[in-house]
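Okay, so here's the structure we're looking at.
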Amino acid sequence: MESALIKDPYLHVSRASDLTGRSRFIYRLFEILPGVLSFGTLFGLVALSFFAPTYAAYFTILFSGYWVFKTIFLSVHLWHNFKRLRHNMEVNWTERLSNLKYHDILHVVIFPFANEPYEVLAESISALEKSRFPKNQIAVVIASEERAGPEARHTAERLQQEFKDHFLEVLVTVHPSGTPGELPGKGSNIAYAAKEAKTKILDARGSSLERTLVSAFDVDTVIYPDYFSCLTWHFLTEDDPLHASFQPVPLYNNNIWNAPILSRVLAYSSTFWQMIQQEMPERLTTFSSHAVSMRALVDAGYWQKNVVSEDSRIFFNLFIHYDGNYRVVPISYPVSMDANVSKSWFGTVGSLYKQHRRWSYGAENIAYMLFNFMHNPRIPFSKKLHLSFVQIEGFWSLATHPLILFAVGWLPLFIGGHAFNASVLSYNLPIVATWFLTLAMSGLVFSSIFFMYLVPQRPQEYSWRRSVTMALQWILVPFTMVIFSAIPGLDAQVRLFFAKYLGFWVTPKNRPSSTPPKGV
Amino acid sequence: MKPLSARTRFVYLAVSVTAFLCTVPIAVFYASGYRFNGFSLVETGGIYVSVPISDASVVINGKEEGVSGLFTRSFYTDNLVEGAYIVQVSKDGYYPWVKKITVEPRIVTDVAAFLVPQSISIREIEIGDESQIASTTHAVSRNEYTALLKAFSNQATSSPLRDTDATSTPSATRGGTELYVENGNIVVRWIKDPRSTPSSFCLKPSACVQEFFLEKGKDTVTDARFFAGGVVYATKESGIFLAENDVRPIPLVVPLYSRPGAEFRIVSGSLIVKDGKVLYDISGF
């Protein structure tokens, strides 16, 4: 890690307050940038609607049209990835692996956990046990937190006892609390766990860092039997695999039938977005459960311990450390996770909001990326430009587009004044915009079809009505786009704007009864 | 199975961008009112008709645009080239309403249909029990009757025969519109920002006035009030009328009580007429 920081002194910067002087000022400007762009866009449109409603109306029509073609364009990618995902689920990866030299590959699988119930973690490790990949090449790390208390420690040790004979090793790590410079949360925990695993598993056995893949899972990540075979195949066949992270598709199937409607829509919206990104690897960053070589982790000093978005930040750490020679490889193979469910409906709504705010807080990577780009002349300018555009546009569109489509874009009708209200344009604006939006929303039919293909079979305790609800749930998307995408997106950007930094928030895992994932 | 190739994705992108560039300008021109007429592009306007009741037929230049319903109370007709159009709204049992509307390019002319029922009920108001008197009579308590009489003892807001100028006190105000009784005529004035003049003050969208005579005939108007979406007024010579508050031809005027010298007041939303010493309740609209 020290060598990484000598090469790139700002590699583990988390926020402006980590810096001093001019550097701090510049980093603050970059932190402010996403909020300025998003609020500038929205306030600009409000002003345009008031002072030049005709131009605002033209913009709304143009934007609605842009949204239609963007939706079609992205839907094509989703469709292709859906086919690829199903294809990959049918491939016998173990057989394909047999043509490759893979017996020296070691998988270290980290499950970070705090206070989650035993059953959640037991199900995840049990799925690992059913993997068709040789278990003697899989080491499990149960990464517990000291702050979670003795009960969590007891859960970890119980799991260790139960599963230690089924894998190469089951290691329990206890991340100490109160370590200076750390943000309590997943990043600091898995960084500690990975370092411990290197010492106690790899170094102890003399295993190669270059032949070890570390999977940073969530506590609820349940794999499909061929996952590690598929991952290993991609690792072995990829050019320059040490400069790549490997990204599966997160399906939220563990509890999808038990999840409330909002939770289902949001969970699979996230899945579909990941599936689209899988067909656009140049835009892909690591998200949630992902895999990376131990070599890369050691080179970059493991996951950053002082950020909220450690899952995406590790990509930027490595991209900067390797001077732009780093990428994410989409493996188009799923892992199953929990949809967000709390004990009450309102609790779930609150959790969903906080979860999406945490994801949107990935905008903290913009300041980190731009600041490090300034200090790393070895990264080609074209790569800097492309990644900057992708990231800035991504967080800007997340926070603004739903509001433009469903609220701000219609403002000329309300504040455009008498002259505008008497124009043909004023009368036709809602008609034409509605055509476009209806056309765009008709794409939700495909979402519904893909969703019904991807979810597990309906459990017996649910009637056909539940299936109908699940097919029709997608009409909520305009609502969820505003409430659980744009608003938390703006919330996160406001926090960065005012330096009211977000802490890590653990999504609660409540599973009344588990539904095992099925093959797609 | 491989991810989408860069070439395939470029083709998708090119097709999407091309479709966007072809479609959206057409949508913008369409929304602005441009239409193809043969090989030339013409600017069109529209008419927006609001209908206050259900089951009324809306006809523009002889072509039925639709029939109003519980949730369909307005009709927007676009693609109209510049010119005059006759809008008719009719329903059995109501006075036919006809309006000549001038359409200008890229502007929507709005108009509210003024529908008045033909069967207006005129009932004498008496003190007594409703169950013991004829159906042509409206029974009220003694206190209510006294209150109605008292309403007539108050002078109407503006002096009916007074020579007044434009700064006189209006007889009635609604929104930005004021009613004045001047020299025995009714003047309607728009007193707010001229840029927001309602279409009822505009012979055509580009020709709006700030005031117009709602009644300027040989009869002498004594009082005028806003009522039932129009203006109710009394004349010395011919009784009481309900008129449409719109400058555009042909304004609808309906006689309500045809005896000279009658006065009216609007009491708690009801139109009360006093003819000599007798009070009448006029209802049904």
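Protein chains in written order, with the numbering used here: chain A, 31 to 550; chain B, 2 to 286.
The beta carbon of each residue, even a glycine, is placed where N, CA and C say it ideally should be.
For clarity, every value in this text was computed on a predicted model and none was experimentally measured.
- Relative to ASN118 of chain A, the option among A:PRO255, A:PHE143, A:VAL420 whose CA is nearest is A:PRO255.
- Put simply, the CB of GLY185 of chain B is far from chain A, with every gap to its CB atoms at 8 angstroms or more.
- Considering only beta carbons, no part of the stretch 480-495 of chain A lies closer than 8 angstroms to chain B.
- In this structure, GLY447 of chain A sits near PRO83 of chain A, with a CB-CB distance shorter than 8 angstroms.
- In the three-state scheme derived from DSSP, where H, G and I count as helix and E and B as strand, TYR77 of chain B is classed as strand.
- Nearest CB-CB separation between SER453 of chain A and chain B: below the 8 angstroms threshold.
- For the stretch 66-80 of chain B, residues whose beta-carbon sits nearer than 8 angstroms to a beta-carbon of chain A comprise TYR77, ASP79.
- Closest option to ASN122 of chain A, judged by alpha-carbon separation, among A:THR262, A:SER293, A:PRO410: A:THR262.
- Rounded to the nearest angstrom, the gap between the Cα atoms of GLN334 of chain A and GLU212 of chain A is 9 angstroms.
- Considering only B:VAL99, B:THR221, B:ILE123, the residue with the shortest C-alpha distance to VAL112 of chain B is B:VAL99.
- Within the model, the alpha-carbon separation for GLU120 of chain A versus ASN458 of chain A is close to 50 angstroms.
- In the structure shown, the three-state DSSP call for ALA15 of chain B is helix.
- With contacts defined as CB atoms closer than 8 angstroms, LEU5 of chain B and HIS110 of chain A qualify as a contacting pair.
- Scanning its chain for C-beta atoms nearer than 8 angstroms, with the 5 sequence neighbours on each side dropped, one finds around THR242 of chain A the residues ILE135, LEU136, HIS137, VAL138, LEU232, SER323, MET324, ARG325, in chain order.
- With a threshold of 8 angstroms between beta carbons, PRO4 of chain B makes contact with chain A.
- Residue state for LEU415 of chain A is assigned as helix, using DSSP reduced to three classes.
- The beta carbon of GLY74 of chain A is closer than 7 angstroms to none in its chain, skipping five residues each way along the sequence.
- Taking a cut-off of 8 angstroms on C-beta distances, the stretch 425-432 of chain A does not touch the stretch 9-21 of chain B, as fewer than three cross pairs fall below it.
- Approximately 5 angstroms separates the beta-carbon atoms of ILE140 of chain A and ALA246 of chain A; this is inside 8 angstroms, confirming the contact.
- Using a CB distance cut-off of 8 angstroms, GLY95 of chain A counts as an interface residue toward chain B.
- Contact annotation: the stretch 220-233 of chain B touches the stretch 242-260 of chain B, with at least three C-beta pairs closer than 8 angstroms.
- The alpha-carbon separation between ALA178 of chain A and LEU14 of chain B amounts to approximately 50 angstroms.
- Proximity of chain B to ILE102 of chain A at the Cβ level (cut-off 7 angstroms) is accounted for by SER17, in chain order.
- PRO518 of chain A is classed as buried because its beta carbon has at least 16 other beta carbons within 10 Å across all chains shown.
- The stretch 294-309 of chain A and the stretch 473-483 of chain A touch, with no fewer than 3 CB-CB distances between them shorter than 8 angstroms.
- In this structure, DSSP gives ALA82 of chain A a state outside helix and strand, which the three-state scheme calls coil.
- Any Cβ of chain B closer than 8 angstroms to the Cβ of HIS416 of chain A would place that residue at the interface, and such an atom is absent.
- In the DSSP assignment, ARG266 of chain B falls within the beta strand (DSSP E) that extends over 264-268.
- DSSP, reduced to helix, strand and coil, places LYS228 of chain A within a helical segment of the structure shown.
- The beta strand (DSSP E) runs lying completely inside the stretch 216-246 of chain B and spanning 3 residues or more are 222-228, 231-236, 240-244, given in chain order.
- Taking VAL279 of chain B as the centre and dropping the five residues before and after it, the same chain places the C-beta of GLU125 closer than 7 angstroms to its C-beta, in chain order.
- Excluding five sequence positions before and after TRP97 of chain A, the CB atoms of its chain that fall closer than 8 angstroms to its own CB belong to HIS431, LEU435, PHE466, LEU467, ALA470, given in chain order.
- Beta-bridge analysis with DSSP links GLY84 of chain B to B:VAL104.
- Counted as a single uninterrupted DSSP element, the stretch harbouring PRO206 of chain A is not any alpha helix (DSSP H), since DSSP gives it neither H nor E.
- Of the residues A:SER259, A:PRO271, A:VAL204, A:THR50, the one whose Cα lies closest to the Cα of LEU239 of chain A is A:PRO271.
- Assigned with DSSP and collapsed to three states, ASP329 of chain A falls in helix.
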